[in-house]
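A short write-up of the structure that comes next.
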Amino acid sequence: MAVEKSAGQEVDIYRDTPVRLLGYANEVGESFRSLTPVSFVRATYGVASVYVVADTYDKAAKMNKQPGSTRQGVIHAAVDTLVWQALASVVVPGLTINRVCVLSLYTLAKLASKMPLTARKWTTTAIGLGTIPFIVHPIDNLVHYGMDNTVRPYFDLKPTTDGPSDQKN
C-alpha cells in the first residue's frame, strides 16, 4: 500500500493523499448543520473518527515494524497520532466551523432579517464550507505547537511524522 515519493520517501496514505479529506468530513457536516438532520452531522463525525482511528493504527503498525522498536515506542506512536488527529481533524476544526456557522446565522438574522430563513441557512452553509480551507493549516500548526509544549514533553512523545501542514508542495 506504500507509494513512493519522487525523493524516495514513502507516501503516507493518511496524510499525503486524498484520503486525508476524510478527516474533514465533520467540518462539512457542521457547515450543513442548519440544513440537515442531526443524524447527518453525527455520521460525518463518524467518518472523521474512523479516519483518525485508521491513521492511528497505521502509525502504530509502522512503528511496530521498525527495527528495534519497543512496545513503549508503538504505544507512544499510537498516542501521539491519536491525540494529534483527534484535535487537528475532529475537535478543533469541528468546533471552529460550528461557531463560525452559528455566528453567521445569528449575524444574518440581525443584519439581514428580511432575507428568507432558507437563504440565511444556505448562506451560512456556504460561509462554513468556504472557511474550511483557511483553518486547516493554522489549526494543524496550533495543535503541533500545543502538543510540543504539553502532551509530548509530559509523556516523552516524539511526533510520529510531520502533520499535513508540514508537507513540502
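Every letter in the sequence shown is one number past the one before it in the working numbering, and letter 147, counting from 1, is 134. Cβ coordinates follow ideal geometry from the N, Cα and C atoms, glycine included.
Cβ distance (whole Å) where residue i is taken to contact residue j below 8 Å
i: Ser36; j: Val77; result: 6 Å
i: Ala64; j: Ala47; result: 5 Å
i: Pro146; j: Asp67; result: 6 Å
i: Phe27; j: Gly16; result: 6 Å
i: Gly133; j: Ile84; result: That belief does not hold up - the Cβ atoms of Gly133 and Ile84 are roughly 19 Å apart, past 8 Å.
Limits of the unbroken alpha helix (DSSP H) element including residue i
i: Thr99; result: This sequence places Ala at residue 99; Thr is not what is there. It is not in any alpha helix (DSSP H) - Ala99 carries neither H nor E in the DSSP assignment.
i: Gln72; result: Arg58 to Gln72
i: Pro140; result: Val138 to Phe142
Between the CA atoms of residue j and residue i - distance to the nearest angstrom
i: Lys97; j: Thr118; result: 21 Å
i: Thr4; j: Gln(-4); result: 14 Å
i: Ala73; j: Gly60; result: 20 Å
i: Thr94; j: Thr112; result: 13 Å
i: Ala80; j: Asn51; result: Inspection of the sequence shows that residue 80 is occupied by Pro rather than by Ala. Straight-line Cα distance between these residues: approximately 30 Å.
i: Ala30; j: Leu8; result: 15 Å
i: Ser18; j: His131; result: 25 Å
i: Phe121; j: Gly33; result: 23 Å
i: Thr23; j: Glu14; result: 14 Å
i: Ile62; j: Leu69; result: 10 Å
Take every Cβ of the region 126 to 139, pair it with every Cβ of the region 101 to 109, and state whether three or more of those distances are shorter than 8 Å.
No contact exists between the region 126 to 139 and the region 101 to 109.
The region 79 to 91 in contact with the region 51 to 58 per 3-pair CB rule at 8 Å
No, the region 79 to 91 does not touch the region 51 to 58.
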